[in-house]
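In my numbering, the protein residues as written are 334 to 728. Structure first, then comments.
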Ligand code: PLP
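Here it is as structure tokens:
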């Protein structure tokens with residue numbers, strides 16, 4: 334018999350996964366080339382060749398005992414030092430290996446951060462639309478998610494609602510930029526404004542409110558747009574980073590937490606992150622992939638495929654009369670649904686073999702997420718279906 338708490342995680346769980354399963358069934362009936370599956374954020378571009386080369390080379394040359402043994406729970410010291418020196422040269426920080434804990438992806442990074450800072454009943458603000466797993470991660474530690482709707486015309490956070498939702502129980506704010514599901518990058522102005530509001534709140538309550546910057550898509554940006562480096566603006570910042578998307582290796586589970594040196598309680602936080610990594614059962618991140626980091630941290634996948642998909646799909650959808658904020662990064666777009674009920678809309682899309690995810694899964698009904706990390710052929714071949722869907726709701 335499962336626990337009552339676990340039952341609450343199961344209700345309404347993962348519409349995205351369910352859709353993925355449905356896509357596989359549809360592919361059997363219609364042929365995979367005739368199903369336009371935009372449901373999952375699984376990278377479609379191969380990792381840079383250096384990634385596999387580095388992994389093979391490490392397996393060939395490293396001392397097997399040390400390579401396959403347990404490292405420090407925070408990860409290999411030399412790898413963490415590499416990350417620190419890289420940050421110091423790019424962002425002018427003063428980091429050392431102490432600022433880093435290497436994790437099994439951003440999912441583990443977020444979980445250990447929340448484990449370390451939340452007491453039961455503490456509130457965590459998220460800006461909708463947001464990655465739905467935040468609900469589960471926060472609930473893991475008996476925290477309460479407080480969603481704040483973004484300005485729906487830009488998907489930048491609505492700062493006045495944000496100020497209103499802050500309370501004495503607010504312990505953290507999670508931001509995700511470039512954003513899943515909108516593809517929007519939060520501007521420097523937005524980051525500055527969030528930081529100022531949080532500084533004021535922390536001063537007023539005498540307790541720090543932490544800013545958690547979830548950044549798996551940092552490298553996937555278009556038109557040379559800059560993604561602000563959040564610790565430059567706010568002392569109490571954690572960065573949760575992942576190589577899942579930047580190097581197209583989500584199955585390898587590798588990423589890290591970076592704690593800003595100026596964060597309140599830095600030493601205690603760092604020790605606790607190390608322990609959280611162990612006691613949550615991650616223990617340490619996979620050692621081969623830790624060792625790959627120094628060889629590949631400056632690399633990124635070939636973005637041109639995503640860029641072309643973004644350009645073509647965006648112009649096609651706008652041409653058909655769909656309303657959409659142009660994504661600046663990641664590999665998602667988030668158009669308005671043609672009827673208010675986004676679930677009904679995404680269900681109707683299946684008639685045309687289009688798999689898209691209701692905005693409600695991201696706390697933002699009335700929209701849908703299209704993951705364009707697919708082949709360019711899928712994008713081109715889907716046009717007729719998007720057209721037929723539009724016609725269905727124009728009658
Ligand atoms: N955060 C966001 C916004 C994501 O989209 C994802 C994965 O899709 C994650 C975190 C988790 O990524 P990882 O594979 O690094 O655990």
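Ideal placement from N, C-alpha and C gives every residue a C-beta, glycine not left out. Small disclaimer: the values here were computed from a predicted structure and weren't measured.
Cβ shell of residue i (< 6 Å), same chain only, five flanking positions each side left out
| i | result |
| --- | --- |
| residue 477 | 456 |
| residue 622 | 585 and 587 |
| residue 407 | 434 and 607 |
| residue 429 | 417 |
| residue 424 | 562 |
| residue 702 | 514, 665, 667 and 690 |
| residue 722 | 682 and 685 |
| residue 384 | 580 and 629 |
| residue 635 | 378 |
| residue 479 | 456, 458 and 498 |
8 Å contact criterion, which residue i and residue j should meet: CB distance rounded
| i | j | result |
| --- | --- | --- |
| residue 586 | residue 609 | That belief does not hold up - the Cβ atoms of residue 586 and residue 609 are roughly 16 Å apart, past 8 Å. |
| residue 474 | residue 448 | 6 Å |
| residue 527 | residue 467 | 16 Å between Cβ atoms; not a contact. |
| residue 572 | residue 524 | Residue 572 to residue 524, Cβ: 13 Å. No contact. |
| residue 668 | residue 679 | No, residue 668 and residue 679 are not in contact; Cβ-Cβ is about 12 Å, not under 8 Å. |
| residue 696 | residue 461 | 4 Å |
| residue 481 | residue 495 | 5 Å |
| residue 671 | residue 726 | 4 Å |
| residue 662 | residue 555 | 6 Å |
| residue 377 | residue 707 | 5 Å |
| residue 688 | residue 545 | Not really, about 30 Å apart at Cβ, beyond 8 Å. |
| residue 391 | residue 625 | 7 Å |
| residue 369 | residue 714 | 7 Å |
| residue 439 | residue 574 | 7 Å |
| residue 759 | residue 446 | Coverage of the chain is limited to positions 334 through 728, which leaves residue 759 absent and any answer about it impossible. |
| residue 538 | residue 501 | 5 Å |
Residues bridged to residue i [DSSP beta-bridge criterion]
| i | result |
| --- | --- |
| residue 669 | 700 |
| residue 422 | According to DSSP, residue 422 bridges with nothing at all. |
| residue 482 | 461 |
| residue 543 | 505 |
| residue 436 | 588 |
| residue 570 | 544 |
| residue 477 | 456 |
| residue 490 | 483 |
| residue 370 | 688 |
Residues near residue i by beta carbon distance below 7 Å, same chain, minus five either side
| i | result |
| --- | --- |
| residue 716 | 649 |
| residue 367 | 686 |
| residue 348 | 690, 691 and 694 |
| residue 301 | With the chain covering 334 to 728 only, the question about residue 301 has no answer from this structure. |
| residue 509 | 463, 464 and 547 |
| residue 627 | 412 and 415 |
| residue 597 | 541 and 569 |
| residue 582 | 380, 384 and 576 |
Neighbourhood of residue i by C-beta, 8 Å cutoff - its chain only, sequence neighbours within 5 removed
| i | result |
| --- | --- |
| residue 705 | 371, 639, 642, 643, 646, 664, 665, 666 and 712 |
| residue 341 | 472 |
| residue 633 | 381, 552, 553, 579 and 580 |
| residue 630 | 415, 416 and 419 |
| residue 492 | 523, 526, 527 and 530 |
| residue 542 | 499, 503, 504, 505, 506, 531, 534, 535 and 569 |
| residue 405 | 607 and 617 |
| residue 489 | 483, 517, 519, 520 and 523 |
| residue 427 | 421 and 594 |
| residue 469 | 342 |
| residue 393 | none |
Where residue i sits in the DSSP three-state scheme
| i | result |
| --- | --- |
| residue 575 | strand |
| residue 507 | strand |
| residue 334 | coil |
| residue 591 | strand |
| residue 597 | coil |
| residue 460 | strand |
| residue 660 | coil |
| residue 556 | coil |
| residue 427 | coil |
| residue 688 | strand |
| residue 583 | helix |
| residue 716 | helix |
| residue 652 | helix |
| residue 706 | coil |
| residue 609 | helix |
| residue 603 | helix |
| residue 615 | coil |
| residue 551 | coil |
| residue 643 | helix |
C-beta neighbour in chain E for residue i, strict 8 Å
| i | result |
| --- | --- |
| residue 544 | This model lacks chain E altogether, as it is built from one protein chain only. |
Quiz: which residues have CB nearer than 6 Å to the ligand SAH non-hydrogen atoms: The model on display carries the ligand PLP but not the ligand SAH.
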